[in-house]
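Just so you know, full-length UniProt numbering puts 61 at position 61 of the sequence shown, and the rest follows in order with no gaps.
Positions of the beta carbon are idealized from the N, C-alpha and C atoms, including for glycine.
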Amino acid sequence: MSGVSVDVYDLMCFEMVNSIVGNNWDNVVHMKDTETVKKIESFGHSIGYRWAEIKKIKSPAWNSLDEVIRDICSEFWADVFGVESASLHTDNTSIFVISSPSLRPLLKIRPQEHREDRMRYYALFYKGMIDGIISLAGFLVSTSFRKNRNSGEYEFIISTL
């Protein structure tokens, strides 16, 4: 990522999510405000979609979901998180799990009430980005995010529909 320092980039992402949520964190955390959750994902989706448009201009279109996922794990992950994803697990047909022991921006969330919940909502922003990339590539998927309780790794699960 040239031009903008990683600290500034991370702060920009947090502030985008914070501006959507405003003073409504408590309602968002307790799932009383689903519209805000949709806005966070939608905003991320738009950014991921634009990233994929730029990628398509620079190189040919993706021919398979495997190719899209590989680019997400390498190029997109490096652009957003500063390093390639730690691992990709797949059943080679319909489920892909991209995992990393840490996601640099999420580690910067200061200890506070509902820290894990806030982390999950910031992750929705990145989930939306992944959805945007895959939608431009023309594949129908469902994407979710979790922190694996056993390994402690952050995982984005992508399932074909």
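Sort out for me which residues DSSP pairs residue i with in a bridge.
{"i": "V97", "result": "H89 and I157"}
{"i": "T143", "result": "I158"}
Can you tell me the Cβ-Cβ gap for residue i and residue j, rounded? I've got them flagged as a contact below 8 Å.
{"i": "G48", "j": "M119", "result": "19 Å between Cβ atoms; not a contact."}
{"i": "F81", "j": "S100", "result": "7 Å"}
{"i": "V97", "j": "I157", "result": "5 Å"}
{"i": "T34", "j": "N24", "result": "So it is not a contact: roughly 12 Å between Cβ atoms."}
{"i": "E155", "j": "R149", "result": "That belief does not hold up - the Cβ atoms of E155 and R149 are roughly 11 Å apart, past 8 Å."}
{"i": "T28", "j": "Y122", "result": "Here residue 28 turns out to be Val, not Thr, going by the sequence shown. In fact, because the Cβ distance is near 11 Å, the residues do not count as touching under 8 Å."}
Helix, strand or coil, according to DSSP, for residue i in the structure here?
{"i": "A137", "result": "helix"}
{"i": "H45", "result": "helix"}
{"i": "L65", "result": "helix"}
{"i": "S19", "result": "helix"}
{"i": "L103", "result": "coil"}
{"i": "E84", "result": "coil"}
{"i": "N148", "result": "coil"}
{"i": "N27", "result": "helix"}
{"i": "S59", "result": "coil"}
{"i": "S5", "result": "coil"}
{"i": "K127", "result": "helix"}
{"i": "D79", "result": "helix"}
{"i": "K38", "result": "helix"}
{"i": "D10", "result": "helix"}
{"i": "D71", "result": "helix"}
{"i": "A52", "result": "helix"}
Near residue i, which residues of its chain fall below 6 Å by C-beta distance, leaving aside the five closest residues on each side in sequence?
{"i": "F139", "result": "L65"}
{"i": "S74", "result": "E84"}
{"i": "I69", "result": "F96"}
Give me, in chain order, the residues of the same chain whose beta-carbon lies closer than 7 Å to that of residue i; leave out the 5 immediate sequence neighbours on both sides.
{"i": "I54", "result": "none"}
{"i": "M1", "result": "Because M1 carries a pLDDT of 45, less than 50, the predicted location of this residue cannot be relied on, and the following value inherits that uncertainty. Only Y9 and D79 meet the Cβ criterion."}
Who are the near neighbours of residue i in its chain, counting only those whose CB is closer than 8 Å to its CB and skipping five residues on each side?
{"i": "W51", "result": "F76, D79, M129, G132 and I133"}
{"i": "I20", "result": "T36, K39, I40 and F43"}
{"i": "V141", "result": "L65, D131, I134, I158, S159, T160 and L161"}
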